[in-house]
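One structure below.
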Amino acid sequence: MKTRIRYSLLLILLNSTISFTQTTSIKYESNGRDTIDISTNPFWKFIGEWTLKNDDWSQNWGFGTEGIKIPNHHTVTKNLNTNHSLISIIDGPPPNGHIFWTYNPNTKQVHHLSSFGTIRTGTGTGSINENGDVRLKLVFEGEAPDTYRIYNYKWLNADEYHMKSVQFNKDDEPTGLFYEGNFIRIDTKGRQNIRDEISDILNVLDNNDISVAEQLHVYADNVTHMAPNNEIIKDKKALSDYLVEQRKYGVSKMKHQIDQIEEIGDQVIVQGTVSGTFYPSNESTSIDFKTKNLFVFKRIKGVLKISKVIYNMSPSD
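No gaps in the numbering here: position 291 of the sequence shown is 291 in the working numbering, and each next residue is one more.
What follows is the structure, given as C-alpha cells:
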C-alpha cells in the first residue's frame with residue numbers, strides 16, 4: 001500500500017538585497033508518485049530560483065527605448081504534481097505576479113496563464129523546442145485592443161536565459177513596444193543541501209519495501225555498478241536484472257553512511273560505508289556485513305543520479 005505523502009512547496013520571495021522573507025506555501029498530494037525526478041518535464045531547465053543579471057532591464061512602453069535597473073527581482077519556478085506543468089512566482093519591485101505553463105504532449109503545445117498587478121492577465125499558447133527554448137503568442141488585459149505579444153525565452157547556458165517580449169498590432173506589425181532581460185540562476189545548493197539530496201537517494205537504496213523499478217529511478221541510464229565477486233554492470237537494464245536476481249536469495253536490511261563529499265563540476269564524489277544484515281530466503285543463519293563504497297553522482301537534466309558505484313569487500317577490523 002502506497003503511503004500518501006504531503007509535500008509543501010516553499011516559495012521564498014525576495015524583499016531585500018540579502019534575504020528572502022515573504023513566503024507562500026503550496027500544498028498538494030503526491031498520491032505515492034515519485035516527485036524527485038524532473039527530467040521528464042519539458043520545462044525542467046526553468047526549475048529553480050532566478051534574478052536579473054546585473055539588475056539590467058531594457059524596455060519601451062511608448063516613451064522610447066530605455067535601459068533601467070530593477071534590483072531585488074526574484075523568481076521562484078517549480079514543477080507541480082504532473083510531468084507537464086510549471087509555476088513561477090515573481091516578486092520584487094511591483095507589479096508582482098505569477099505564471100503557469102502546461103504542456104500538451106499530444107499537440108506539442110504550451111499553454112500560458114499569468115496574472116500581474118491588478119488587471120494584467122495574460123493568456124495564450126506556444127511551443128518549446130528540444131533545447132528548452134519557449135516561444136509564446138499572448139494577449140493581455142490592459143493593452144491596446146487587437147494587439148498581442150510574442151515572447152521568446154532562449155537559453156544561453158544551463159544557468160542563464162534571455163527573455164524578450166515584443167508587441168504586434170492586428171496587422172502583425174511590431175508596434176515598437178518591448179521589454180527584455182537576461183535571467184541568471186540563484187545558487188541555492190549549499191553543501192548541506194547536497195548532503196540531504198544524496199541522503200534521500202541512499203535511503204531509496206536501503207528501502208526494501210519498494211520495487212526494483214522504483215529503486216532504478218535514482219540511477220543514470222549508463223550507470224556503472226561494481227559489486228564484490230560480480231561482473232561489472234554498465235547499464236540500467238543489466239542492473240535491473242542483477243537486483244531482481246539478488247532479491248531471490250534474500251533480503252538485506254542495511255544503511256548507507258556518508259563519510260566524505262567532494263563536488264567537481266556537475267559531479268559529486270561520495271565516499272562512505274554500508275552496513276547491515278542479510279537474511280537468506282531459505283531461512284538459514286543471517287549474515288552481518290559491512291563494506292566501503294565510492295559513489296559518483298552526476299546531475300542529469302537537473303536531477304542528481306548515481307552514475308558509478310564501487311562496493312569493496314568487508315573491511316578488516
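Don't be surprised by glycine CBs; every beta carbon is placed ideally from N, CA and C.
Query: Integer Cβ distance of residue 150 from residue 195, believed to fall under 8 Å; Result: Not quite, the Cβ-Cβ distance comes to about 44 Å (not below 8 Å), so this is no contact.
Query: Residue 214: first and last residue of the uninterrupted alpha helix (DSSP H) it sits in; Result: 212-215
Query: Per-residue DSSP class, three states only, for residue 44; Result: helix
Query: Minimum length 4: unbroken alpha helix (DSSP H) runs contained in the region 209-259; Result: 212-215 and 236-249
Query: Nearest to residue 183 (by Cα), restricted to the options 249, 107, 48 and 52; Result: 52
Query: Cβ separation of residue 72 and residue 41, assumed to be a contact under 8 Å, to the nearest whole Å; Result: Not really, about 28 Å apart at Cβ, beyond 8 Å.
Query: Bridge-paired residues (DSSP) for residue 60; Result: 178
Query: The region 198-211 touching the region 82-91, judged by at least three CB pairs closer than 8 Å; Result: no
Query: Among 106, 116, 115 and 142, the one whose alpha carbon lies nearest that of residue 127; Result: 106
Query: Any non-hydrogen atom of the ligand GDP closer than 7 Å to residue 291 Cβ; Result: The model on display carries no ligand, and the ligand GDP is accordingly not part of it.
Query: Nearest-angstrom Cα separation, counted from residue 223 out to residue 140; Result: 47 Å
Query: Stretch pair the region 290-303 + the region 250-270: three plus CB contacts closer than 8 Å; Result: yes
Query: Rounded straight-line distance, which links the Cα of residue 111 to that of residue 102; Result: 5 Å
Query: Contacting residues, own chain, Cβ-Cβ under 8 Å from residue 286 (five flanking each side not counted); Result: 277, 278, 279 and 280
Query: Start-to-end residues for the beta strand (DSSP E) that takes in residue 88; Result: 85-91
Query: Span of the beta strand (DSSP E), counted from its first residue to its last, around residue 281; Result: From DSSP, residue 281 is part of no beta strand (DSSP E); its letter is neither H nor E.
Query: Exposed unless 16 or more other CB atoms sit within 10 angstroms - verdict on residue 171; Result: exposed
Query: Cβ neighbour criterion (16 or more within 10 Å) applied to residue 249; Result: exposed
Query: Cβ-Cβ separation, residue 226 to residue 309 (assumed contact under 8 Å), whole Å; Result: 7 Å
Query: Whole-angstrom distance between residue 212 and residue 244, CA atom to CA atom; Result: 7 Å
Query: Other residues of its chain near residue 254: CB distance less than 7 Å, five sequence neighbours each side excluded; Result: 206, 274, 275 and 276
Query: Per-residue burial, residue 156 [other beta carbons within 10 Å of its own, 16 or more giving buried]; Result: exposed
Query: Reduced DSSP category for residue 38 - H, G, I as helix; E, B as strand; rest coil; Result: coil
Query: Minimum C-alpha distance to residue 115 - residue among 135, 133, 87 and 129; Result: 87
Query: Residues that DSSP places opposite residue 272 in a beta bridge; Result: 258 and 293
Query: Identified DSSP bridge partners for residue 307; Result: For residue 307, which the question treats as bridged, DSSP gives no partner whatsoever.
Query: DSSP-derived helix/strand/coil call for residue 197; Result: helix
Query: Straight-line gap, residue 148 to residue 104 (C-alpha atoms, nearest Å); Result: 22 Å
Query: Exposed unless 16 or more other CB atoms sit within 10 angstroms - verdict on residue 63; Result: exposed
Query: Cβ-based neighbour list, residue 38, same chain, cut-off 8 Å, excluding 5 preceding and 5 following; Result: 44, 47, 79, 301, 302 and 303
Query: Nearest residue (CA-CA) to residue 57, options 251, 124, 215 and 180; Result: 180
Query: 7 Å CB neighbourhood of residue 93 in its chain, flanking five on each side removed; Result: 70 and 72
Query: Close beta carbons around residue 152, own chain, < 6 Å, minus the five adjacent residues each side; Result: 135 and 164
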